[in-house]
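>
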Amino acid sequence: MRISNKIVFIIIGAIGLYALFLVVADFRTLSTQIHSFKIQYLPIVLLLVPCGWLSLYLRWMLLLKNSGINPPAKKNLLIFMSGYALDITPGRIGQLIKSQLLKSKFDVPYKTTAPLVLVEKVYDMVGAVAASILGVWILGIGAYVILAAMVLLVIGFVIISSRIFFNKFIVLFGRFKFASKIISPLSDSYETVRNSCRGRIVIFASILSFLAWIIESLAVYFVLIAFGIDTVNYLNIISTYASSLILGAASFIPGGLGVAEGSLVGLLSLQGVKISSTLTPVVVIRVVTLWYSVIVGFFALKLIGGLSIKNESS
Numbered sequence: 553m554r555i556s557n558k559i560v561f562i563i564i565g566a567i568g569l570y571a572l573f574l575v576v577a578d579f580r581t582l583s584t585q586i587h588s589f590k591i592q593y594l595p596i597v598l599l600l601v602p603c604g605w606l607s608l609y610l611r612w613m614l615l616l617k618n619s620g621i622n623p624p625a626k627k628n629l630l631i632f633m634s635g636y637a638l639d640i641t642p643g644r645i646g647q648l649i650k651s652q653l654l655k656s657k658f659d660v661p662y663k664t665t666a667p668l669v670l671v672e673k674v675y676d677m678v679g680a681v682a683a684s685i686l687g688v689w690i691l692g693i694g695a696y697v698i699l700a701a702m703v704l705l706v707i708g709f710v711i712i713s714s715r716i717f718f719n720k721f722i723v724l725f726g727r728f729k730f731a732s733k734i735i736s737p738l739s740d741s742y743e744t745v746r747n748s749c750r751g752r753i754v755i756f757a758s759i760l761s762f763l764a765w766i767i768e769s770l771a772v773y774f775v776l777i778a779f780g781i782d783t784v785n786y787l788n789i790i791s792t793y794a795s796s797l798i799l800g801a802a803s804f805i806p807g808g809l810g811v812a813e814g815s816l817v818g819l820l821s822l823q824g825v826k827i828s829s830t831l832t833p834v835v836v837i838r839v840v841t842l843w844y845s846v847i848v849g850f851f852a853l854k855l856i857g858g859l860s861i862k863n864e865s866s
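Next comes the structure, spelled out in structure tokens:
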């Protein structure tokens, strides 16, 4: 099955899931929430989310420059944004399209950039954990999710620090079917990964990752405020939102659909928000934090010319 067909099925599944959420919310509650939505917060949310993208784009440029890769800024921005088009793939592994674009447009070896896309995922986790620590002591169950993520991060950096551990991880990782296409470039990527996870670049990349989480969580906070949910403070929102996305990613379901939404509803309900009051806001949150970027990503992919082979390095 072609990837385009898979994306269509994922989108149809997402529409069905969100329709179910809204039906469960019951039409009376849904109507009340829609009418009470404070539209003045929408421009703020729609501006905050791209600010988070900008922080991650700066991190992407930093990782490329650290590896001696310097594509033109405008093209690089389009390539970076194109990665969001496939954010709905399991574990966001579709972001490897950025490596394919750098190969097709500028003849940058796939084995050089594919590891950087995976390093981005490590820094995403660093940012989530760092941001969540601000409010983790307040949250209860979310704390266990963040602590589990911290353990995984420690294990990840131990693996990166040793070529022996790294090679053993690659062998283990290669047993999964979804990893079959990326295991070859990863097997020769130890130095690229190691150089991207040590020295000053760790500090700068971590700060940018932290900033992106702070900004996106702020957008989530304003969505809740727009729906009149003001009983959960911002620090709690950071941990709650991070925990739901971590659980969604861990499920390896495309886009974390169902798991991320359900976790977010559950964690908000643990903080005193009625489930019926959270369903509509959670759908809106996912639209502005996931589907907004997916739509923009498809536009960027179209502007960059898709995956057509056209070397522009000369």
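Quick note on numbering: the sequence shown equals residues 553 to 866 in the working numbering.
We put the CB at the ideal spot given by N, CA and C, even for glycine.
Quick caveat, the model's predicted, so the values are computed rather than measured.
#1: Start and end of the alpha helix (DSSP H) containing T783?
#2: What separation, rounded to the nearest whole angstrom, lies between the Cα atoms of P624 and S656?
#3: Just to confirm before moving on: does the CB-CB distance between V840 and V601 stay below 7 Å?
#4: Restricting to Cα atoms, I'd like to know which of K627, L648, G643 is closest to G635.
#5: Mapping the DSSP letters down to three states, classify Q592 as helix, strand or coil.
#6: Please determine if the stretch 768-787 and the stretch 806-826 are in contact, where contact requires at least 3 C-beta pairs separated by less than 8 Å.
#7: Spatial neighbours of I693 within its chain, please: CB distance less than 6 Å, with the 5 preceding and 5 following residues excluded, ordered by chain position.
#8: Which residues mark the beginning and the end of the alpha helix (DSSP H) in which V669 is found?
#9: Let me check understanding here. Comparing Cα to Cα, which of V817, G800, Y593, F804 lies closest to V811?
#10: Looking at the secondary structure, which residues open and close the alpha helix (DSSP H) in which W843 lies?
#11: Mapping the DSSP letters down to three states, classify V825 as helix, strand or coil.
#12: Would you say P806 and I562 are within 7 Å of each other, going by their C-beta atoms?
#13: Taking just the CA atoms, how far does S758 sit from V745?
#14: If you draw a straight line from the C-alpha of S583 to the C-alpha of S796, how long is it?
#15: Measuring only the C-alpha atoms, how far is A683 from W765?
#16: Could you check whether the stretch 636-646 touches the stretch 656-665, counting it as contact only if at least three pairs of C-beta atoms, one from each stretch, sit closer than 8 Å?
#17: Check whether the Cβ atoms of D639 and V846 sit closer than 7 Å, and answer yes or no.
#18: Less than 7 Å between the beta carbons of L610 and L760, yes or no?
To lay it out plainly:
#1: No alpha helix (DSSP H) contains T783, which DSSP labels as neither H nor E.
#2: If I take the Cα positions, the gap works out to 14 Å.
#3: Going by C-beta atoms, V840 is nearer than 7 Å to V601.
#4: With distances taken between Cα atoms, G635 lies closest to L648.
#5: Residue state, collapsed to three classes: helix.
#6: Yes, since at least three Cβ pairs between the stretch 768-787 and the stretch 806-826 fall closer than 8 Å, the two stretches touch.
#7: Any reading at I693 must be qualified, since the residue scores a pLDDT of 49, below 50, and its modelled position is unreliable; the value itself is stated next. Shown here for I693: not one same chain residue has a beta carbon closer than 6 Å to its own, the five before and five after excluded.
#8: In the DSSP assignment, V669 falls within the unbroken alpha helix (DSSP H) covering 662-684.
#9: Taking V811 as reference, the option from V817, G800, Y593, F804 with the minimal CA-CA separation is G800.
#10: Looking at the DSSP string, W843 is not in any alpha helix (DSSP H), and its letter there is neither H nor E.
#11: In the structure shown, V825 falls within a coil segment according to DSSP collapsed to helix, strand and coil.
#12: For P806 and I562, yes; Cβs fall inside 7 Å.
#13: Between the C-alpha atoms of V745 and S758 there is a straight-line separation of about 15 Å.
#14: Distance between the alpha carbons of S583 and S796: 26 Å.
#15: CA-CA distance, A683 to W765, rounds to 7 Å.
#16: With a cut-off of 8 Å, the stretch 656-665 and the stretch 636-646 do not count as touching, because too few Cβ pairs lie within range.
#17: Contact flag set, yes.
#18: Yes, Cβ-Cβ distance for L610 and L760 is below 7 Å.
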